[in-house]
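Here the UniProt record's numbering is used: the first residue of the sequence shown is 1, the next is one more, and so on. One structure below.
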Amino acid sequence: METPAHENNAPTPAQRALDTLSENTEDTAALDALANSDVLIPVPDDAGDEEAADPGAVALPVLEQPGGDQVVPVFTSELEMAGLLPFVSRYRLVPLGALAAQWPADDLSLTIDGSSEHRLTLTSEGVRTLLARP
Numbered sequence: 001m002e003t004p005a006h007e008n009n010a011p012t013p014a015q016r017a018l019d020t021l022s023e024n025t026e027d028t029a030a031l032d033a034l035a036n037s038d039v040l041i042p043v044p045d046d047a048g049d050e051e052a053a054d055p056g057a058v059a060l061p062v063l064e065q066p067g068g069d070q071v072v073p074v075f076t077s078e079l080e081m082a083g084l085l086p087f088v089s090r091y092r093l094v095p096l097g098a099l100a101a102q103w104p105a106d107d108l109s110l111t112i113d114g115s116s117e118h119r120l121t122l123t124s125e126g127v128r129t130l131l132a133r134p
C-alpha cells in the first residue's frame, strides 16, 4: 500500500482557520479555533537552556521589519517555521489564546505563518482583542 506524500502535510486546525480568515476576517468560529490552537514560538539563540525550558516565561523572538515595525513570528507547524526561519533549532509549543492574553501593550505585532499564503499579522491591540482567551 502506498501513502501519498501530501497526507503527512494535511492542514492543521490552525491552518484551516487561517485559510478561512484570509477570506473572512470576522469569522468568529475561525478566530476561536485559532485562539484555541497551539503555536510554535522560536526560542532565540541567546536564550539559555533554563530560560528555554521555564514554563512560566516565554522569550519572544522579535524581528524588525523594513520601516522599523517589530513583529513576533509564531508558526502552526515545524514545516511553516522552517519556511521562514530554517536556522531555528528550538521552539516552545504555546496555546495562542494564552499567549495573546499576556501580550505586551507596546507596539508589537504578531505574525502567524509569515511565509505562507495564509499568513496573518495582527497589531498588539488585535492580538489582545481577537485572540486572547482566559
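Don't be surprised by glycine CBs; every beta carbon is placed ideally from N, CA and C. Predicted model, so just to flag it, every value in this text is computed and none were measured.
How is R119 classed by DSSP in three states: helix, strand or coil?
-> Shown here, R119 sits in coil according to DSSP, grouped into three states, outside any helix or strand.
Could you check where the beta strand (DSSP E) with S109 kicks off and where it finishes?
-> Here the beta strand (DSSP E) through S109 covers L108 to I112.
Give me the Cβ distance between V71 and R92, rounded to the nearest whole Å; I'm assuming they're in contact under 8 Å.
-> The pair is not a contact, with the Cβ atoms about 17 Å apart (cut-off 8 Å).
Note down the Cα distance separating P44 from E64, rounded to an integer number of angstroms.
-> If I take the Cα positions, the gap works out to 14 Å.
Which runs of the beta strand (DSSP E), 3 residues or longer, sit entirely within the region 55–105?
-> Restricted to the region 55–105, the beta strand (DSSP E) segments that are unbroken, complete and at least 3 residues in length are 70–74 and 91–95, listed in chain order.
For S124, I'd like the list of residues in its chain whose CB is within less than 7 Å of its CB, leaving aside the five on either flank, ordered along the chain.
-> Around S124: W103, P104, A105, D106, D107, L108 and S109.
Residue burial classification, F87 (beta-carbon count within 10 angstroms, cutoff 16) = Flag for F87 reads exposed.
Roughly how many angstroms lie between the CA atoms of T76 and P66, to the nearest whole one?
-> Roughly 24 Å between the two C-alpha positions.
Below 8 Å between beta carbons: does that hold for S37 and A10?
-> The Cβ-Cβ distance between S37 and A10 does not fall below 8 Å.
With distances taken Cα to Cα, identify the nearest neighbour of R90 among H118, T25, D46 and S115.
-> Taking only the C-alpha atoms, the option nearest R90 is D46.
Rounded C-beta distance between P73 and T111? I'm assuming under 8 Å.
-> Confirmed, Cβ separation roughly 5 Å.
Using beta-carbon positions only, say whether A98 and R128 come within less than 8 Å of one another.
-> Taking 8 Å as the Cβ cut-off, A98 and R128 do not qualify as a contacting pair.
Nearest-angstrom beta carbon gap, L21 and A30 [assumed within contact, 8 Å] = The Cβ separation is near 5 Å, so the contact holds.
Between the C-alpha atoms of H118 and G68, what's the straight-line distance to the nearest angstrom?
-> Roughly 23 Å between the two C-alpha positions.
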